[in-house]
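The structure under discussion appears below in the form of structure tokens.
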Amino acid sequence: MLLYNTLKRAKEEFVPLTPGRVKIYACGPTVYNYFHIGNARAFLTFDVLRRYFEFRGFKVDYVQNITDIEDKIIAQSLEEEVPFREIAEKYTRAFLEDSAALGIKKPTHQPRATELLPQIIAAIEALVKKGFAYEVNGDVYFDTSALPEYGQLSGKKIEDQLPGARVLENVQKRNPADFTLWKAGKPGEPVWKSPWGEGRPGWHTECVVMSQKFLGETFDIHGGGSDLVFPHHENELAQALALTGKPLARYWMHNGFLNIDGDKMSKSLNNFFTARDILAQHSAEAIRFFFLSKHYRSPIDFTRELIEESERAVSNFYSALRAVDYKNIICSLDGSCQDSEQAFTEAMDDDLNTARALAVLFELARKCKNEQLPRSQREQAALMLVRLGEVLGFFTDLCQRLSEALPDLSRQLVELLLRYRREARANKDWALSDKIRDDLEHLGIELRDTPDGCEWKLKD
RNA sequence: GGCGACAUAGCCAAGUGGUAAGGCAGAGGUCUGCAAAACCUCCAUCCCCGGUUCAAAUCCGGGUGUCGCCUCCA
């Protein structure tokens with residue numbers, strides 16, 4: 001299995017530290033707001049990575065942090081005029097709800113930064129003792145000049161990081177590239193006691209502490225959005241190296257950014273969408289399909305047309321399953337679709353080529369629908385479609401989506417109308433016949449006339 | 001200024017040396033009172049120029065264009 005490693009700038013064969021086991025850490029949200037559709041891409045990308053490892057038989061430890069103390073949370077608590085803990089609590093809950101709604105599997109561990117304050121402080125103390133950090137007026141900074149390897153992940157040189165127009169000069173820092181480990185508290189801000197006085201942790205240390213607590217000093221994969229390469233992941237890597245002398249993670253993976261209608265998403269452009277907004281209008285599977293139809297490392301452009309297109313594409317899978325009456329298939333996989341599974345695996349093994357993997361699903365869907373093929377072949381295709389689709393996170397609500405959940409009375413009323421329509425058709429009263437069909441369609445019931453009579457189903 | 005990415009049909013998107021996966025949309029056909037569904041068929045020579053090679057979307061050089069990171073950010 002090949003994975004693109006940002007650290008090496010190349011695809012590498014994945015070799016786990018422990019055979020049969022993968023330890024993954026993926027950066028989670030800072031809970032100061034509902035997470036947006038760009039965050040959703042990162043969460044979904046690593047959800048699929050995790051699911052694929054499980055499919056390949058690995059035991060997966062998947063840790064995703066929740067940053068519940070950070071400047072933006074404090075800012076939001078001032079804006080909403082409620083204590084910061086309530087803000088963190090509110091948006092943590094929203095994050096868990098929206099993740100679940102997107103069909104993202106729960107991580108095996110989901111620590112919060114405020115749960116590990118003692119460990120974070122201990123890590124900063126250790127860095128100071130080892131000479132990699134220094135304190136100025138209650139702030140503690142990491143001394144980037146003390147670590148020759150600094151910059152290896154992002155390919156940046158400290159010399160290039162001149163305090164230019166966009167970098168605010170911080171007179172307390174010895175070097176512009178130095179970053180904050182501990183921030184002295186101002187009046188009114190949430191603070192914790194520390195050897196440097198009351199304050200709060202900087203952003204980068206918590207991920208080191210949380211990941212190492214659950215995964216050990218060195219783990220397999222560290223992931224996040226490509227904007228995290230610098231400075232966040234660079235700084236994590238530096239701290240871990242300074243602390244243990246060992247690399248934090250062996251593979252660093254980063255997903256590409258999302259644009260809206262070709263522009264960067266931003267509040268000022270009024271094109272800022274939360275995952276919650278999108279979920280209110282589109283199915284989780286369409287959102288997932290939209291992302292998976294493009295390679296995770298490429299930038300992706302979110303438009304209304306594309307998400308609607310994705311909706312239509314996904315309903316293809318369901319019409320395929322319906323065509324073989326999936327719920328009532330009683331046989332199990334017999335190996336006749338092995339070639340599909342192999343094609344799927346080959347695609348996914350190549351740095352998670354989900355776009356190619358989706359093509360395999362569509363080929364299976366076409367097979368399901370092909371009435372020329374023997375029943376058994378079509379059923380096998382359906383079973384494989386679901387097996388592989390689940391790896392990508394589809395079909396989590398299969399039963400619900402396939403069942404026509406109507407109460408008996410409604411069902412009888414539909415049948416009654418169809419009986420009248422049959423009479424109308426027998427009398428060649430096409431106007432009435434079509435009116436019944438159109439009216440039912442408005443109610444979300446689709447009719448199709450077949451040689452065996454009229455069939456109906458609820459619209460997707 | 002430093003680092004990096006991308007440019008494939010109407011749209012989205014795979015494909016990194018042997019003559020272009022897949023999806024959406026569209027066209028024609030079978031079927032139908034009509035429609036829907038289903039099935040069949042059709043729909044690109046890969047931004048431009050030059051080079052390497054028997055052979056390039058795929059490698060090299062040069063253009064042009066778009067974008068990202070360097071600052072909180074997935």
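Numbering (the numbering used here), first residue to last: 1 to 460.
We put the beta carbon where it would ideally sit given N, CA and C, even for glycine.
Only a predicted model underlies this, so the values are computations on that prediction, with no experimental measurement involved.
Residue i, buried or exposed, once every other Cβ within 10 Å from all chains shown has been counted against 16
i      : result
GLN212 : buried
HIS442 : exposed
ASP220 : buried
ARG51  : buried
ASP68  : buried
ASN328 : exposed
SER77  : buried
SER298 : exposed
THR303 : exposed
SER376 : exposed
VAL48  : buried
TRP252 : buried
VAL15  : exposed
ALA438 : A small fix is needed here, since residue 438 is Asp in this sequence, not Ala. Counting Cβ neighbours within 10 Å, ASP438 comes out exposed, since fewer than 16 surround it.
ALA165 : Note that ALA165 scores a pLDDT of 39, beneath 50, so its modelled location is shaky and nothing firm can be said.
VAL82  : exposed
LEU409 : exposed
ASP351 : buried
TYR296 : buried
THR18  : exposed
TRP196 : buried
CYS331 : exposed
ARG448 : exposed
TRP430 : exposed
SER266 : exposed
SER319 : exposed
DSSP bridge partner residues for residue i (one or two, in chain order)
i      : result
ARG112 : ILE66
VAL454 : For the record, residue 454 in the displayed sequence is Cys; it is not Val. DSSP, once it has assigned bridges, lists ASP449 as partnering CYS454.
GLU13  : LEU2
ILE221 : ILE24 and TYR251
THR180 : TYR141
PRO374 : Paired residues: none, contrary to the question.
ASP350 : LEU2
TYR134 : TYR141
Identity of the residue in the options nearest residue i by Cα
i      : options                           : result
ASP61  : ILE104, PRO190 and LEU215         : LEU215
PRO107 : PHE395, GLN412 and SER99          : SER99
ARG322 : TRP456, TRP203 and ILE436         : TRP456
ARG200 : GLU217, GLY225, VAL140 and PHE257 : VAL140
ASP325 : PHE273, ALA284 and LEU383         : LEU383
THR244 : GLY185, LEU127, PHE362 and THR92  : LEU127
LEU388 : ALA238, GLU341 and LYS428         : GLU341
LEU3   : HIS254, SER226, PRO195 and LEU241 : HIS254
PRO176 : LYS183, PHE142, LEU358 and LEU153 : PHE142
LEU102 : TYR91, PHE43 and ALA113           : PHE43
MET210 : PHE395, LYS264, ALA357 and GLY28  : GLY28
ALA357 : THR345, CYS368 and ARG366         : THR345
VAL270 : ASN259, LEU279 and ALA280         : The sequence as given places Asn at residue 270; Val does not occur at that position. When each option's Cα is compared against that of ASN270, the closest is ASN259.
LYS8   : TYR134, PHE95, ALA133 and GLN152  : GLN152
ASP178 : PRO187, GLY202, PRO195 and GLU198 : GLY202
GLN119 : SER194, HIS109 and ASN353         : SER194
HIS461 : GLU390, ILE74 and VAL63           : Absent from the model: residue 461. The displayed extent of the chain is 1 to 460, so no value can be given.
LYS72  : TYR32, GLU379, GLN372 and TRP182  : TYR32
GLU311 : GLN338, SER336, THR144 and GLN281 : GLN281
LEU181 : LEU228, TYR150 and PHE132         : PHE132
GLY453 : ALA313, ALA426 and GLU13          : ALA426
LYS294 : LEU248, ASN353, ASN370 and ASN137 : ASN353
Coil, strand or helix - residue i by DSSP
i      : result
GLU189 : coil
TYR141 : strand
ASN328 : helix
VAL229 : helix
TYR32  : coil
ALA323 : helix
VAL386 : helix
LEU44  : helix
ASP61  : strand
PRO163 : Below a pLDDT of 50, predicted positions are generally treated as unreliable, and PRO163, at 40, falls in that range; the measurement from the model is reported next regardless. Three-state DSSP puts PRO163 in coil, outside helix and strand.
VAL82  : coil
GLY199 : strand
TYR91  : helix
TYR150 : coil
ILE38  : Per the sequence shown, the amino acid found at residue 38 is Gly instead of Ile. If DSSP states are grouped into helix, strand and coil, GLY38 belongs with the helices.
THR18  : coil
Any non-hydrogen atom of the ligand GTP within 7 Å of residue i CB
i      : result
ILE300 : By its list of ligands, the structure shown contains no ligand whatsoever, and the ligand GTP lies outside what it can speak to.
Every unbroken alpha helix (DSSP H) within the region 247-311, with a cutoff of 4 residues, ordered by chain = 275-281 and 284-292
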